[in-house]
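Sequences listed follow chains L and H, in order. Reading the first sequence from the start, the letters are residues 25 to 399 in this note's numbering. Reading the second sequence from the start, the letters are residues 25 to 399 in this note's numbering. A virtual CB, placed ideally from N, CA and C, is assigned to each residue, including glycine.
Number of protein chains: 2
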Amino acid sequence: MYTELCKKLDIDVPIFAFTHCRDVVVEVSKAGGIGVFGAAFVNSLEELKEELDWIDAHIGDHIYGFDIVIPNNAVGQGSGMSAAEQENKLWEMIPQEHTDFTNKMIDEHGVPQWHDDSRPPMGAWTMEQVMPMLEDALKRPKCKVIVNALGTPPDHVTKMVQDSGRLIGALTGTKKHAKAHKEAGLDFIVANGSEGGGHCGEIGSIVCWPELVDAVAPMPVIAAGGIGNGRQMLAAMGMGAAGVWTGSLWLTVEEAHAQMAQKESYLKAESTDAVTTKSWTGKNCRLLRNDWSEAWKDPANPDPLPFPLQLLLTSDLRRRSAMYASAGDTQKIADNGCGQVIGQINEIESCRGVVSRLIGEYVDALEALNGLMPE
Amino acid sequence: MYTELCKKLDIDVPIFAFTHCRDVVVEVSKAGGIGVFGAAFVNSLEELKEELDWIDAHIGDHIYGFDIVIPNNAVGQGSGMSAAEQENKLWEMIPQEHTDFTNKMIDEHGVPQWHDDSRPPMGAWTMEQVMPMLEDALKRPKCKVIVNALGTPPDHVTKMVQDSGRLIGALTGTKKHAKAHKEAGLDFIVANGSEGGGHCGEIGSIVCWPELVDAVAPMPVIAAGGIGNGRQMLAAMGMGAAGVWTGSLWLTVEEAHAQMAQKESYLKAESTDAVTTKSWTGKNCRLLRNDWSEAWKDPANPDPLPFPLQLLLTSDLRRRSAMYASAGDTQKIADNGCGQVIGQINEIESCRGVVSRLIGEYVDALEALNGLMPE
């Protein structure tokens, strides 16, 4: 499973671990894969620096990646407004009906109040928020890969990253966007099948991956959406992927910082529980079905707002449900993003254990395939 | 790729070709796979006998399969009504509003009238219609495999098939139903990922296949939903499938009886064009997006009726759009079922050509995988 991309990045196995948890980044990279730190919900440059300083200090000689939402045509972009001014404008656009409904749901489920009066942070979703973070990441020698989670990055960003000697890639689930990524000169794409957690498209991985591999060849394609064991990794590599991008696998590991109540929601979930909903961000996003996702489908309740307004609307619930995961009925309205592969994840493992399990299963599956061939 | 199932059935490669076309059944079986004749839209025992007689006469020493909808708890079952009485009752349940809307759509798209006044046939969807057909199939020595397209077959059917020395299997997209199939003593299951054409579930193949393989092991699992090339076949087999079940692959082959206008709709389609809709049968079914599928999503129009009423409602359009595929705007409201893999199918091949392409691509992909391993 040692591909050209492994060689280029000097990693042992092409397992990309997308995570919001710095410990997971470090442990996966030390186990021979590459941890990719997702910064979409990092709330300030200071917070980011703290996270990346910690990673730099603990990761040894290994490398890591940085995943961010670099908007190509985001709300407010080019308006001359600061990040804070944009955020104020967005808050003003949220209807009272939506705020009331959200607060009613939160109250009914007994989620404790936030400990102070601070406005919930939006995360890093606008150019003004993201660019200083990216510039910080590019100063760090061990941060070797940049990934854009939503769309083709603007040319000046691609140039900045590549001029610094790093690779830049972006996610997509369609051939059209994959070709746009290639034309923009990116170094790789992450082909995201509909099974995946978070924002996802409609084409299933078994169709999406080889379609995108063929559409952008010889550009490397990393397969995302449905990788939970080494057999699935083998399937991806057998269809021409240069590596695998995994997310759900790391939600329940020992090293993940999530509260036990949230980990338990994941551990007991079936594949059929990971559903798509617009109720968290305004875009189709795959998460565990619960009271929250279902309530927003009921015609009697308000419709989800367009992105990024729904993201703002849910920001208070997001921080409270993460902090008070085991209080009251919090899990019934918690933001538990994951892919359909969550149904396979039924016990707590270590990051190192997951990486070595994937390698072992991959090798066994390849042996089994070879065993089916005539002598 | 020679599995135990190949040995049991004495076929060269575990490629199951689901098709409504007898020529495809014969050609795939003669090429080393196994053609499976889908009878859901066969309208009478006489019509079925004609098809199977032809297959028996042309297939040589090869075997074939028979796929049918054996309902476990269908509308009207056990009521003591005949198939014709049941059908009359069902027709009475269709609201005038739905009939009017359907006729308006058909008129607007210039689909020619059917050549006589006959009521459109329902196809073989009730126990009373299906059982005589199954009994006929079981008299034919070359028909060696029976597959139920919708649910676990009743015990007496399973016993009847197995007592005759044949294998019986059934489709499903969920672990729960797969376990029910196993408990009912079936010989294999067909694991149907959400990418697949026709009635499909919500779990993508990359998650569905290994989940179902593990759930029913050591029972053989045939992978369906997204197989269009040998790399996808390798992926399925690498995850533990005993074979692959293919449908979209055979819609456009030389030997398929469909009119050229319909084949052209398939050849030019992208993977994103194969969408799910309840507008043809009342159940979620994957077909090419067109005016018909979109119209039934519009809140201004009637909602699709429950299965099997919507199936009846569309039966006239189904026969007319098949017969007059190239007239007027018929393709814009035609019943073009297919999976997401249709985006990969861009030229007309022969059945034999498809089978040998799959084998070649499979072998190449396996070699590439072996090449990624350390010496």
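I'd like to know whether the C-beta of residue i is nearer than 9 Å to at least one C-beta of chain H.
{"i": "L/Arg381", "result": "no"}
{"i": "L/Asn243", "result": "Per the sequence shown, the amino acid found at residue 243 of chain L is Met instead of Asn. No, L/Met243 does not count as interfacial toward chain H."}
{"i": "L/Glu318", "result": "no"}
{"i": "L/Leu396", "result": "yes"}
{"i": "L/Val299", "result": "yes"}
{"i": "L/Tyr26", "result": "yes"}
If you measure from the beta carbon of residue i to each beta carbon in chain L, is any gap under 9 Å?
{"i": "H/Gly147", "result": "no"}
{"i": "H/Val240", "result": "no"}
{"i": "H/Gly62", "result": "no"}
{"i": "H/Gly264", "result": "yes"}
{"i": "H/Glu295", "result": "Note that residue 295 of chain H corresponds to Ser in the displayed sequence, not to Glu. So yes, H/Ser295 belongs to the interface."}
{"i": "H/Glu235", "result": "yes"}
{"i": "H/Gly57", "result": "no"}
{"i": "H/Gly363", "result": "yes"}
Report the partner residues of residue i according to the DSSP bridge assignment.
{"i": "L/Ala215", "result": "L/Thr196 and L/Ala247"}
{"i": "L/Arg310", "result": "L/Gly222 and L/Thr300"}
{"i": "L/Phe42", "result": "L/Val60"}
{"i": "H/Leu191", "result": "H/Val169"}
{"i": "H/Gly361", "result": "H/Leu311"}
Candidates the options: which alpha carbon is nearest residue i's?
{"i": "H/Asp36", "options": "H/Arg343, H/Glu385 and H/Val379", "result": "H/Val379"}
{"i": "H/Pro95", "options": "H/Glu109, H/Thr182 and H/Met117", "result": "H/Thr182"}
{"i": "L/Arg310", "options": "L/Ile383, L/Ala298 and L/Pro244", "result": "L/Ala298"}
{"i": "H/His107", "options": "H/Thr198, H/Pro323 and H/Ala148", "result": "At residue 107 of chain H the sequence reads Ala, which differs from the His that was named. Out of H/Thr198, H/Pro323 and H/Ala148, H/Ala148 has the C-alpha closest to the C-alpha of H/Ala107."}
{"i": "H/Gly57", "options": "H/Lys356, H/Trp269 and H/Leu329", "result": "H/Trp269"}
{"i": "H/Leu258", "options": "L/Asp85, L/Glu391 and L/Glu116", "result": "L/Glu391"}
{"i": "H/Trp274", "options": "H/Phe90, H/Arg344 and H/Val52", "result": "H/Val52"}
{"i": "L/Gly193", "options": "L/Gly209, L/Lys199 and L/Lys200", "result": "L/Gly209"}
{"i": "L/Glu116", "options": "L/Leu337, L/Cys362 and L/Ala285", "result": "L/Leu337"}
{"i": "H/Leu333", "options": "H/Lys302, H/Ala55, H/Cys224 and H/Asp315", "result": "H/Lys302"}
{"i": "L/Thr123", "options": "L/Leu329, L/Gly384 and L/Asp85", "result": "L/Leu329"}
{"i": "H/Ile366", "options": "H/Ala173, H/Glu152, H/Asn253 and H/Pro178", "result": "H/Asn253"}
{"i": "H/Cys167", "options": "H/Cys362, H/Ala81 and H/Glu111", "result": "H/Ala81"}
{"i": "L/Ser272", "options": "L/Ala202, L/Val50, L/Glu373 and L/Glu132", "result": "L/Glu373"}
{"i": "H/Ala161", "options": "H/Arg190, H/Thr296, H/Glu152 and H/Asn314", "result": "H/Arg190"}
{"i": "L/Asn172", "options": "L/Ile230, L/Lys200, L/Asp238 and L/Ile92", "result": "L/Ile92"}
{"i": "H/Pro144", "options": "H/Asn112, H/Gly134, H/Gly222 and H/Asn216", "result": "H/Asn112"}
{"i": "H/Trp304", "options": "H/Thr296, H/Gly225 and H/Trp320", "result": "H/Trp320"}
{"i": "H/Leu32", "options": "H/Glu219, H/Gly267 and H/Gly262", "result": "A small fix is needed here, since residue 32 of chain H is Lys in this sequence, not Leu. Looking at the Cα atoms, H/Gly267 is the closest of the given residues."}
{"i": "L/Ile39", "options": "L/Ile227, L/Gly228, L/Ile87 and L/Phe125", "result": "L/Ile87"}
{"i": "H/Gly250", "options": "L/Asp238, L/Pro234 and L/Gly249", "result": "L/Pro234"}
Measure from the C-beta of residue i to each C-beta in chain B and report whether the shortest distance is under 9 Å.
{"i": "H/Asp211", "result": "You won't find chain B in this structure, because its protein chains are L and H."}
- Message: What ranges does the alpha helix (DSSP H) occupy inside the region 87-133 of chain H, keeping only unbroken runs of at least 4 residues that lie completely in it?
- Response: 107-116 and 120-132
- Message: What are the residues in the region 175-201 of chain L lying within 8 Å of chain H by C-beta distance?
- Response: Thr198 and Lys199
- Taking the runs of the alpha helix (DSSP H) that are 4 residues or longer, which of them lie wholly in the region 223-270 of chain L? 229-240 and 254-262
- Query: At a Cβ cut of 7 Å, what residues of the region 365-393 of chain L count as close to chain H, listed as they run along the chain?
  - Reply: Val365, Gly367, Gln368, Ala389, Leu390 and Leu393
- Closer than 9 Å, Cβ to Cβ, to anything on chain H: give me those residues from the region 250-262 of chain L, in chain order. Gly250, Ile251, Gly252, Asn253, Arg255, Gln256, Leu258, Ala259, Ala260, Met261 and Gly262
- May I have a chain-ordered list of the alpha helix (DSSP H) segments no shorter than 4 residues that lie completely inside the region 126-172 of chain L? 151-161
- Message: For the region 214-231 of chain H, list every residue whose C-beta sits within 7 Å of some C-beta in chain L, in sequence order.
- Response: Gly217, Ser218, Glu219, Glu226, Ile227, Gly228, Ser229, Ile230 and Val231
- May I have a chain-ordered list of the alpha helix (DSSP H) segments no shorter than 4 residues that lie completely inside the region 317-375 of chain H? 333-337 and 339-347
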